[in-house]
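Single-structure report; data block below.
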Amino acid sequence: MGFDSTFENGRVVTPDGVQSGVSVGVKDGTIAAIGAPSELGGADRVVDLDGQYLLPGVIDAHIHARSPGYEYKEDWSSATAAAAAGGVTTVIAMPNTDPIIDSPETVRQAYDIADDDAHVDFQSYAVLTSENYDQVEPLAAAGVPGFKVFLGTTFGEIEPPDDGELYAAMEAAAGVGKRIGFHEENDEILSHWEAQFKREGRDDPIDHARSRPVVAEAEAVSRIILLADHADAPVHMFHVSSGTGAELVAEGKADGVDVTAETCPHYLWFTEEVMNEKGNVARVQPPIRDAEERERLWEAGIRGGGVDCIATDHAPHTDEEKNVEEPFGNTWESISGFVGLESEVGSMATFVSEGRLPIEQWAYMHSTRPAEIWGLYPRKGSLQVGTDADFTVVDPDAEWVGRKETLHSKSKTTPFNGEQFVGKPTMTVVRGTVVYGDDTLYAEEGYGELAPSGETTANAEPRTYPN
Ligand SMILES: NC(=O)N[C@@H](CC(=O)O)C(=O)O
Ligand SMILES: [Zn+2]
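In the numbering used here, the protein residues as written are 77 to 543.
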């Protein structure tokens with residue numbers, strides 16, 4: 077068989093293991109064969125991976141592409157250039173844009189923009205509010221992979237549906253096989269402490285973290301699991317920040333609730349000390365927790381399987397909005413969120429190099445599992461014959477330092493600036509085409525396509541890996 081290309085000499089990683097000495101043959105954008113080089117035929121192009129890892133393409137199911145409406149922060153071209161450079165082959169964007177993505181028309185508007193501008197494949201969630209909680213079916217028909225509800229106030233100030241409306245939306249979402257994901261913080265607890273701290277004149281970066289205590293996450297996780305249990309609906313926790321949150325998700329899974337969860341590299345990498353070291357640069361919602369919560373996030377979330385997947389919550393803002401001139405200035409004059417697309421592979425590869433994360437589990441949590449949860453599997457996230465040839469190539473020995481100057485995102489502000497990584501994304505392949513390699517963005521704007529999404533296929537119980 078003549079291939080368009082073969083990727084040779086790589087160590088092929090799937091959730092089941094690592095295979096050396098196999099080549100991957102690609103034809104018409106899909107994987108046509110995986111096998112010993114001697115068994116594969118010739119190709120128009122041979123890519124020698126020289127012993128590097130070839131993973132199923134990393135899926136970042138939590139990014140803010142900011143378009144339409146906030147293009148001064150980011151747009152679909154810059155976000156997906158960052159994705160390509162960061163080793164990410166598919167992104168799913170959040171609906172806190174302007175207009176918010178809450179109707180079939182606004183879904184189509186976002187997809188039209190992304191279709192023109194994106195360098196990698198894409199999807200977008202729709203938001204559910206009091207205004208549209210009864211529109212789950214038409215929104216699903218418009219092609220969204222799932223839904224987002226903002227329980228705690230955050231950028232965009234989108235009010236959530238009330239519990240009755242939410243319960244109805246959960247039942248409707250279950251009916252169409254889609255999952256509702258949450259920004260899970262109890263807004264009353266956050267508002268109380270923010271007002272109290274402001275009265276007391278507490279305005280350091282760490283005070284922002286303290287104003288959003290773990291109990292705000294724990295209460296929201298518990299409430300969602302309770303509602304989902306009764307509604308018999310699949311739900312998802314975005315950006316779980318604490319061990320407490322991960323333990324509650326694990327309990328929900330054990331009780332048979334179809335609850336899945338994500339965490340982000342920053343919650344696994346940093347402790348709240350970073351607020352005192354880097355200031356408002358690291359301000360994010362939910363906030364980065366203390367060392368004890370982080371250890372339990374690793375234990376219950378990663379080793380125990382309470383957390384299913386990794387995503388960044390890539391949340392670009394301008395330097396002025398982040399107040400980076402004065403990183404330790406009044407935190408109430410700063411905004412939450414920072415970019416992550418260009419450091420996520422480096423941080424996860426570093427955990428692998430330190431022996432804290434089996435590489436098979438990384439592939440599972442950063443590709444296969446998000447594809448299952450958001451209905452993109454098996455076309456995305458599987459590395460099997462017949463599926464999209466999306467690959468993330470990683471040099472496991474490359475030591476490098478995160479440098480804001482090299483970022484493709486419009487926003488350069490991230491606490492990962494200056495952090496040391498072991499393991500670097502060196503090549504990003506989307507549907508058989510090298511979109512990024514040799515430190516060069518090869519894909520044109522518009523190369524990226526809408527990733528088709530079917531029903532969520534995740535079972536509550538994720539795989540665990542001995543470590
Ligand atoms: N995480 C953040 O701190 N900010 C996000 C909003 C969000 O995901 O809550 C943003 O859109 O800026
Ligand atoms: Zn959020």
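Cβ coordinates follow ideal geometry from the N, Cα and C atoms, glycine included.
- If you drop the 5 nearest sequence neighbours on each side, which residues of the same chain put their C-beta closer than 7 Å to that of R359? P281, H284, T407, S410 and S412
- Sub-8 Å separation of E293 and E260 beta-carbons: yes
- Message: I need the straight-line Cα distance from A335 to A534, nearest angstrom please.
- Response: It should be pointed out that residue 335 corresponds to Val in this sequence rather than to Ala. Computed Cα separation, rounded: 9 Å.
- Message: Given the structure, does E492 come close to ligand 1, in the sense that its CB is under 7 Å from one of the ligand's heavy atoms?
- Response: The sequence shown places Phe at residue 492, rather than the Glu named in the question. F492: no, Cβ never under 7 Å from ligand 1.
- Query: Rounded to the nearest angstrom, how far is the Cβ of Q496 from that of V477, given a contact under 8 Å?
  - Reply: 6 Å
- Query: At which residues does the beta strand (DSSP E) containing V428 begin and terminate?
  - Reply: Careful: V428 lies outside any beta strand (DSSP E), inside the alpha helix (DSSP H) at E420 to S429.
- 3 or more residues per run - each beta strand (DSSP E) lying fully within the segment 455-535: Listed in chain order, the beta strand (DSSP E) elements of length 3 or more contained wholly in the segment 455-535 are 467-477, 496-506 and 509-513.
- Task: Keeping to the same chain, check which residues put their C-beta closer than 6 Å to that of A194; ignore five residues upstream and five downstream.
- Result: W152, T156 and G524
- Message: Let me check you understand the geometry: is the CB of F223 closer than 7 Å to at least one non-hydrogen atom of ligand 1?
- Response: Not one heavy atom of ligand 1 is found less than 7 Å from the C-beta of F223.
- Message: Any heavy atom of ligand 1 closer than 7 Å to the beta-carbon of H140?
- Response: yes
- Message: Closer than 7 Å to a non-hydrogen atom of ligand 2 - does that hold for the CB of F414?
- Response: no
- So which of E420, A137, T516 and S81 has the shortest CA-CA distance to P113? S81
- Item | With 16 other Cβ atoms within 10 Å as the buried cut-off, status of D395 | exposed
- Message: Tell me which residue opens and which closes the alpha helix (DSSP H) that E84 is part of.
- Response: Taken as a continuous stretch (DSSP letters only), E84 belongs to no alpha helix (DSSP H), being part of the beta strand (DSSP E) at F79 to T90.
- Message: Is any non-hydrogen atom of ligand 2 found closer than 7 Å to the C-beta of T230, if you look at the structure I gave you?
- Response: yes
- Task: Answer yes or no: the CB of F198 versus the heavy atoms of ligand 2, is any distance below 7 Å?
- Result: no
- Query: With distances taken between CB atoms, is the gap from P221 to G457 smaller than 8 Å?
  - Reply: no
- Please state whether DSSP places V122 in a helix, a strand or coil. strand
- Task: Helix, strand or coil for S96, going by three-state DSSP, please let me know.
- Result: strand
- Query: Does the segment 480-497 come close enough to the segment 121-130 that 3 or more CB-CB pairs lie under 8 Å?
  - Reply: no
- Task: Answer with buried or exposed for R382, where buried requires no fewer than 16 other C-beta atoms within 10 angstroms of its C-beta.
- Result: One detail in the question is off: residue 382 reads as Gly in this sequence, not Arg. G382 is buried by the Cβ-count criterion.
- Starting from F223 and walking both ways along the alpha helix (DSSP H), at which residues does that stretch end? F223: not part of any alpha helix (DSSP H); member of the beta strand (DSSP E) spanning G222 to F226, first to last residue.
- Query: How close, in whole Å, do the beta carbons of V183 and G145 come, if the pair is a contact with beta carbons under 8 Å?
  - Reply: Not quite, the Cβ-Cβ distance comes to about 14 Å (not below 8 Å), so this is no contact.
- Task: Alpha carbon to alpha carbon, how far is G277 from L452? Give it in angstroms, no decimals.
- Result: 48 Å
- Three-way DSSP call (helix, strand, coil) for G377 in this model: helix
- Message: For W374, tell me which candidate among P237, R275 and C340 has the shortest Cα-Cα distance.
- Response: W374 has its Cα closest to that of C340, out of P237, R275 and C340.
- Message: Cutting at 6 Å between CB atoms, please list the residues of its own chain near A158, excluding the five before and the five after it.
- Response: L417, E418, H484 and S485
- Kindly indicate which residue of V415, V290 and V102 has the alpha-carbon position closest to the one of V506. V102
- Task: May I ask whether a heavy atom of ligand 2 can be found less than 7 Å away from the beta carbon of Q361?
- Result: yes
- Query: Where does G332 land, buried or exposed, given buried means 16+ other C-beta within 10 angstroms?
  - Reply: exposed
- Item | L116 - containing beta strand (DSSP E), residue span | Here L116 belongs to no beta strand (DSSP E), and DSSP marks it neither H nor E.
- Query: Quick one: does the C-beta of H259 sit closer than 7 Å to a heavy atom of ligand 2?
  - Reply: yes
- Message: Give me the residue from E115, G431 and H312 with the minimum Cα distance to K329.
- Response: H312
- Item | Under 8 Å between C-beta atoms of I116 and V88 | One point to set straight first is that residue 116 is Leu, not Ile, in the sequence displayed. The answer is no: Cβ separation not under 8 Å.
- Query: According to DSSP, is P434 helix, strand or coil?
  - Reply: coil
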